[in-house]
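At the far end of the sequence shown sits residue 402, using the working numbering, and the numbering has no gaps.
We put the beta carbon where it would ideally sit given N, CA and C, even for glycine.
Have a look at the structure below, then the notes.
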Amino acid sequence: MEQLTIVGAGCAGLTAAIYASRANLNPLVLTGMLPGGQLTQTTEVENYPGFPEGIFGFDLMEALKKQAERFGSRIRGEQVVSAQLAPGGPHKLTLGNGEIVETRALIVATGASPRYLDLPSEQALRNKGVSYCATCDGAFFRDVPIAVIGGGDSAVEEALFLARFGSKVILVHRRDELRASKIMQKRAFANQKLEFCWNSTVQEILGVEKGSVTGIRVLNKVSGQSTDIDCGAVFVAIGHVPNTAAYQGQLDMDDNGFLKVDDPHTSTNIEGVFAAGDCSDHVYQQAVTAAGMGCRAAIDAERWLGQQEG
Ligand code: NAP
């Protein structure tokens, strides 16, 4: 039986692992599909405290992993496919390889995944010009026009990154003002390679017959007109959905699937189960807030385990 299992190895999961291992809980960390979490898919992180020159997301996550392992965290590349949670534990986790892990306490830190446009053409052209990660795929699209969908920080960050490669980048947003932070907006408006397509939604991604993206058809919501825009790639950056499906019906969630916690604590509705990071935070969604919540979850779990021992 495990004392404490942490599901997820992004900022929240690994920070929980650092704290829990330093508290001698010998935690088992199950990384899931994306070890290191979303920061491994980004370029430079400029707002994580302590790095005045910025740090690459991948490097930051490697450092967190090493730090967690240094104190005895056991990190395994397995995914939880289903969970049987019992108030007070033990909780049973079924892994992708069929193995069952029993654990007294559990921290769910499974993060979030990209939201899709939900268009059949998007699905047909995924990895054929449709991408959700500029860092991963941007360099494939040199000297062609690139479309980025969304108006938040992610969309602007991706657009600025992609401007290094594409002949131009067209940012398609459904409103007439960006949601992104002011500093990101300033950079976007100053970049000569960025163009903006306001008040527009994507009706279709073009190129299905050819097997690769040739453009997008957008609907201008103000004029009601459809227009085709030529491009060789489409990067979708319209937010994320929490990775909480394995806990549906057991852990309380809001309408969008974010886990509910007993704020300011990280306990869920099931005793001995705690949640941290983007799977339970639809407000801040920052690397540093995820790390902070991971720290709180580890302390909450440690105290709860201590209370069980009387
Ligand atoms: P977000 O802030 O939720 O923005 C999502 C964007 O996509 C919004 O502009 C939204 O439009 C649009 N959108 C949502 N659903 C759509 C749909 N079905 N079709 C078309 N457009 C759609 O998500 P995010 O940009 O991923 O950022 C998430 C969090 O991470 C934020 O807190 C952000 O500040 C943070 N972040 C920070 C940085 C940085 O500081 N460098 C970088 C990346 C992310 P509306 O505006 O109309 O709602």
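Excluding five sequence positions before and after residue 224, the CB atoms of its chain that fall closer than 6 angstroms to its own CB belong to 206 and 328, given in chain order. For residue 289, the enclosing beta strand (DSSP E) covers residues 286-289. Assignment of residue 362 by DSSP, reduced to helix, strand and coil, places it in the coil class. At least one heavy atom of the ligand NAP sits closer than 6 angstroms to the Cβ of residue 246.
For the ligand NAP, a non-hydrogen atom lies closer than 6 angstroms to the CB of residue 330. For residue 157, the enclosing alpha helix (DSSP H) begins and ends at 149-162. The way I'd put it, the region 146-161 does touch the region 115-134; three or more beta-carbon pairs between them come closer than 8 angstroms. Residue pairing of residue 174 in beta bridges, as defined by DSSP: 186. By the CB criterion at 7 angstroms, residue 258 and residue 236 fall inside the cutoff.
Sorting 234, 103, 227 and 261 by C-alpha distance to the C-alpha of residue 241 places 261 at the top. Residue 380 carries a helical assignment under DSSP once its states are collapsed to helix, strand and coil. In the three-state scheme derived from DSSP, where H, G and I count as helix and E and B as strand, residue 293 is classed as strand. In this structure residue 203 touches residue 369 by the C-beta definition: roughly 6 angstroms separates them, less than 8 angstroms.
Our two residues, residue 267 and residue 311, have alpha carbons roughly 12 angstroms apart in a direct line. With contacts defined as CB atoms closer than 7 angstroms, residue 244 and residue 272 qualify as a contacting pair. Taking 7 angstroms as the cut-off, the Cβ atoms of residue 335 and residue 387 do not count as close. Between the beta-carbon of residue 255 and that of residue 286 there is about 6 angstroms, and that keeps the pair under the 8 angstroms contact cut. Residues 263 of the same chain have their beta carbon placed closer than 6 angstroms to that of residue 288, with the five preceding and five following residues left out of the count.
For residue 377, the shortest C-beta to heavy atom distance toward the ligand NAP is below 6 angstroms.
Fully enclosed beta strand (DSSP E) runs of no fewer than 3 residues occupy 237-241 of the region 220-244, in order along the chain. Contact check for residue 363 against residue 179 passes: the beta carbons are separated by less than 7 angstroms. Here residue 320 is exposed: its Cβ has fewer than 16 other Cβ atoms, across all protein chains shown, within 10 Å.
Apart from the 5 residues on each side of it in sequence, residue 109 sits with its Cβ closer than 6 angstroms to the Cβ of 98, 119, 121, 160 and 165 in its chain, given in chain order. With contacts defined as CB atoms closer than 7 angstroms, residue 103 and residue 382 qualify as a contacting pair. Here the alpha carbons of residue 106 and residue 201 stand approximately 9 angstroms from one another. For residue 248, the closest of 338, 331 and 149 by C-alpha to C-alpha distance is 331. In this structure, the straight-line span from the alpha carbon of residue 132 to that of residue 149 is close to 5 angstroms. For the ligand NAP, no non-hydrogen atom lies closer than 6 angstroms to the CB of residue 386. Taken in chain order, the complete beta strand (DSSP E) segments of 3 or more residues contained in the region 93-138 are 94-99 and 120-122.
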